[in-house]
Each structure stands twice: as C-alpha cells, then as structure tokens.
Amino acid sequence: MTTPSDSPYKYLQFKGQESYRRYIQGGITKNSPPGKPNENGSLNVKSHGSYGGLLFHPNWKAKRKEVLTRDMNRCVHCSSNKDLQVHHRQYHFIASQQKFRLPWEYPNHLLITLCECCHSKGHNKYKVPTITI
Numbered sequence: 050m051t052t053p054s055d056s057p058y059k060y061l062q063f064k065g066q067e068s069y070r071r072y073i074q075g076g077i078t079k080n081s082p083p084g085k086p087n088e089n090g091s092l093n094v095k096s097h098g099s100y101g102g103l104l105f106h107p108n109w110k111a112k113r114k115e116v117l118t119r120d121m122n123r124c125v126h127c128s129s130n131k132d133l134q135v136h137h138r139q140y141h142f143i144a145s146q147q148k149f150r151l152p153w154e155y156p157n158h159l160l161i162t163l164c165e166c167c168h169s170k171g172h173n174k175y176k177v178p179t180i181t182i
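Going by the numbering used here, 131 is the number at position 82 of the sequence shown; the sequence numbering is gapless.
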C-alpha cells in the first residue's frame, strides 16, 4: 500500500514564479529535477501535474477574479451565483517544452464561469480537449 510519504506523486512545489510537480519513478532519484529529459531525450513525465495545487497560486487567483468579473459573477449556463468555478474550455500541451500550459496562461476566451453543479455535469458529459501546440 502506498502511504503519503512514499507516494510516487509529491505535492506541487513553487520556486519563485516557476511551479512543478515532483514525480518519482523507478530509476529516477528523489533529487532529479522534474520535467528534465533523461538520457534518451524523453521526459520523466508528461503530466498535467498537481492541478489542484496550482489553484492556490496568486497568478491563478488573479486570473480567476478577471474571468468571474467578466462573467458578472454568474454561471454562464444557469446564471447561478453560488459555488462559482472557472472552467478551461481546452488544455494546451506545449510540445517544444513537453509540459502543459499553466492555468493562468490561457487567454480569457478559453475560460468560462460555471457553478459547481454545471461544471461537474459538463465534465461528466464532455471531455476537455487537449491541444498540442
């Protein structure tokens, strides 16, 4: 059984403005820098990372506030003003950097305000497309 202390997924960490997720797998030491190519040129992980951790970053909080204000603090689907969340209409994987774009780096037209209920229903019904750029 995996415990929190020996989990292959470690918590998101921030170093200055750069954020990353530590991932430990066989053959990679705990001190290996994440997201760096190994000897054969491939990355250790192609992962969206600890997305939940990014939602506490000051840059995301500012971007979220922008989108909520633009949408008049209402769900664009049902007009509720309760339990609002900002939804990404698509995710971008940057091929040259082998990583996903950070949540606050998306243009505002790809972000919409949804209440928790509509957001959950949407994710259950549709898959958010991942675009390789």
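Idealized CB from N, CA, C, for every residue including glycine. This one's a predicted model, so the numbers in the text were calculated from it and none came from an experiment.
- Query: Rounded to a whole number of angstroms, what is the C-alpha to C-alpha distance between Lys176 and Gln139?
  - Reply: When rounded, the distance between both Cα atoms is 9 Å.
- Message: Strictly by DSSP, which residues pair up with Val135?
- Response: Val135 is bridged to Thr162.
- Task: Specify, as a first and last residue, the run of the alpha helix (DSSP H) that Tyr100 falls within.
- Result: Taken as a continuous stretch (DSSP letters only), the alpha helix (DSSP H) holding Tyr100 covers Tyr100 to Leu103.
- Message: Considering only the alpha carbon of each residue, which of Trp109, Phe142, Ser128 and Asp132 lies closest to Glu165?
- Response: Of the candidates Trp109, Phe142, Ser128 and Asp132, the one whose C-alpha sits nearest the C-alpha of Glu165 is Asp132.
- Just how far apart, CA to CA, sit Cys127 and Ile143? Cys127 and Ile143: Cα-Cα distance of roughly 33 Å.
- Message: In this structure, how does DSSP classify His106 when only helix, strand and coil are distinguished?
- Response: In the structure shown, His106 sits in coil (DSSP, three-state: anything other than H, G, I, E or B).
- Please determine, among Ile182, Lys110, Phe105 and Arg113, the residue with the shortest C-alpha to C-alpha distance to Arg150. Relative to the Cα of Arg150, the nearest Cα in the group Ile182, Lys110, Phe105 and Arg113 belongs to Ile182.
- Task: For Asn157, I'd like the list of residues in its chain whose CB is within less than 7 Å of its CB, leaving aside the five on either flank, ordered along the chain.
- Result: Around Asn157: Glu115, Val116 and Arg119.
- Query: Which residue comes first and which comes last in the beta strand (DSSP E) that contains Ile182?
  - Reply: For Ile182, there is no enclosing beta strand (DSSP E), as DSSP marks it with neither H nor E.
- Query: Over what stretch of residues does the beta strand (DSSP E) that includes His126 continue unbroken?
  - Reply: His126 -> no beta strand (DSSP E), and no H or E assigned at all.
- Task: Work out the CA separation of Thr162 and Asn122 for me, nearest whole Å.
- Result: Each residue's alpha carbon lies about 8 Å from the other.
- Task: Going by CA-CA distance only, name the one from Phe105, Val125, Ser99 and Gln146 that's closest to His136.
- Result: Of the listed residues, the one whose Cα sits closest to His136 is Val125.
- Message: Distance check for Tyr100 and Pro152, CA to CA, integer angstroms please.
- Response: Roughly 8 Å between the two C-alpha positions.
- Using DSSP with H/G/I as helix, E/B as strand and the rest coil, what is Lys148? Looking at Lys148 - three-state DSSP - the assignment turns out to be strand.
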